[in-house]
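Below is one structure; the comments refer to it alone.
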Amino acid sequence: MTTDERVEGLADLLVSTGRLTDPRWRDGLRAVPRHLFAPGRGWAVPDRPVYEGFPIDRRSDPAAWWEAVYTDTAIAIQLDDGASDPQSGTGVWTSSCSAPGIVVIFLQELRPLDHHRVLEVGTGTGWTSGLLTWRLGPGAVTSVEIDEALSAGAAGNLKNAGLSPLLVVGDGAEGYAAGAPYDRVHVTCGVERIPYAWVEQSRPGGVIVLPWSPGWGIGHLAHLTVTGDGRALGRLTGPAGFMMLRSQRRRFGGPERAAEQRGKAVRSAAHLDPRSVIAESPGAEVAIAALVPGVRSHLEAAPDGSLRVWAIEDTGDDPAWACATFEPGRVDHAVYQYGARRLWDEVEAAYLRWVAWGSPDRARFGLTVTPGNQSVWLDRPDRLVA
Ligand SMILES: C[S@@+](CC[C@H](N)C(=O)[O-])C[C@H]1O[C@@H](n2cnc3c(N)ncnc32)[C@H](O)[C@@H]1O
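End of the sequence shown sits at 453 in my numbering; the numbers just go up one at a time, nothing left out.
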């Protein structure tokens with residue numbers, strides 16, 4: 068199969084799954100081919116409901132490598148800030164070539180116009196800054212990456228592709244004031260608290276597209292517009308699960324000391340089926356994230372069908388946690404709650420408030436960012452939920 072055929076195959080796939088809707092970005096996929104940015108070795112995870120990864124190596128198994136590059140597959144290029152071999156697949160993802168489906172969704176959501184100047188946060192492999200540079204021309208795109216080695220790798224990839232955005236090594240949370248004002252800000256790492264620098268460095272009317280990743284659930288694509296009075300506001304338009312901005316990383320997995328603390332946990336019965344609480348709707352995820360701030364979720368599903376839903380405080384030396392359980396064949400659901408907060412009670416209360424609002428879906432929620440604050444609203448910016 069030729070490279071052109073592979074690119075067309077990927078574009079057809081993204082059209083058929085409803086992800087690629089703007090034909091201009093189909094041209095972009097042709098003009099900025101992904102294989103110039105994909106790592107020779109990495110860990111590939113197809114974007115499917117069940118995330119299952121596998122190692123890829125261009126030299127030892129070129130067929131599997133090309134297949135991963137030209138399907139809707141995310142490829143980890145760095146784990147644990149480089150401390151773990153990406154091919155091991157074990158470790159925290161710290162950089163990747165994002166799956167093409169979410170890449171085109173973000174670019175379509177950004178909707179840059181011909182004359183626009185864009186700030187990107189998270190250069191990674193350079194693929195998305197390359198696509199933006201192809202679209203807007205040299206001089207229109209600035210991309211900030213915190214990891215110097217990754218930025219150098221992206222520079223090499225972009226050179227091979229004949230593209231030259233301005234690459235900056237630095238903390239993207241600070242934006243890049245020297246290049247402001249921007250018409251668009253394209254963020255490719257998750258944030259819970261949106262850095263105000265992105266608002267400050269945008270023109271009024273400018274758009275910021277970012278993965279809003281509070282700890283509860285996987286995360287949401289936020290489309291914010293910058294107002295003339297120094298705010299940015301807009302709705303949550305879809306799912307988006309990205310690795311976090313470095314300064315906002317959180318812990319992974321269950322609570323570190325759960326086994327030793329279990330004896331001190333209070334046992335009770337859940338009022339709600341934990342499976343509904345986590346899977347009913349992304350709208351419920353937004354409500355819980357807003358009403359139970361500082362909590363993250365963690366799921367453990369066992370082959371026998373049992374499930375543990377953890378709610379874990381993300382800060383402090385002695386974080387509170389709760390674990391709600393589902394066991395096949397049982398109608399009652401045991402809950403264990405440890406620490407200064409009763410987190411499962413808080414989660415259930417938030418869920419029931421969401422139900423009382425009429426179970427609104429994700430798209431009815433929005434965010435407002437001001438210099439000192441960030442709030443979540445339902446339907447209208449003046450109807451704050453938290
Ligand atoms: C999902 S990857 C970006 C993918 C990239 N856009 C591409 O096309 O390959 C996220 C990137 O954000 C970077 N990152 C994390 N925190 C950052 C920060 N504070 N400032 C700039 N970049 C950051 C990571 O190092 C990582 O390379």
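Here a beta-carbon is modelled for each residue, glycine too, at the ideal position from N, C-alpha and C.
Do you know how far the Cα of residue j is from the Cα of residue i?
i	j	result
residue 109	residue 392	35 Å
residue 213	residue 237	5 Å
residue 416	residue 306	24 Å
residue 227	residue 98	12 Å
residue 173	residue 349	18 Å
residue 337	residue 292	40 Å
residue 298	residue 326	45 Å
residue 321	residue 388	9 Å
residue 255	residue 421	29 Å
residue 139	residue 78	10 Å
residue 71	residue 177	26 Å
residue 124	residue 425	49 Å
Give every residue of the same chain whose Cβ lies closer than 6 Å to the Cβ of residue i, excluding the five residues on either side of it in the sequence, and list them in chain order.
i	result
residue 451	442, 444
residue 232	196, 200, 208, 210
residue 375	367, 390, 392
residue 278	257, 286, 307, 309
residue 436	261, 266, 299
residue 357	443, 452, 453
List the endpoints of the continuous alpha helix (DSSP H) containing residue i.
i	result
residue 91	90-98
residue 266	263-267
residue 355	349-358
Along the chain, where does the beta strand (DSSP E) that runs through residue i open and close?
i	result
residue 394	Per DSSP, residue 394 belongs to no beta strand (DSSP E) and is neither H nor E.
residue 304	299-306
residue 133	Run containing residue 133: none in the beta strand (DSSP E); it sits in the alpha helix (DSSP H), 129-136.
residue 362	362-368
residue 141	140-146
residue 108	108-113
residue 404	401-405
Ligand 1 heavy atoms versus the CB of residue i: any closer than 7 Å?
i	result
residue 169	no
residue 376	no
residue 214	yes
residue 265	no
residue 192	yes
residue 319	no
residue 313	yes
Leaving out the 5 sequence neighbours to the left and right, which residues in its chain are closer than 7 Å to residue i when beta-carbon positions are compared?
i	result
residue 76	137
residue 86	168, 171, 172
residue 122	110, 154, 156
residue 295	271
Keeping to the same chain, check which residues put their C-beta closer than 8 Å to that of residue i; ignore five residues upstream and five downstream.
i	result
residue 359	283, 378, 410, 413, 414, 417
Is any heavy atom of ligand 3 found at a distance shorter than 7 Å from the C-beta of residue i?
i	result
residue 162	Summarising the ligand content, the structure contains ligand 1 and does not contain ligand 3.
Whole alpha helix (DSSP H) runs in the stretch 184-249 with 4 or more residues, listed along the chain? 194-203, 215-227
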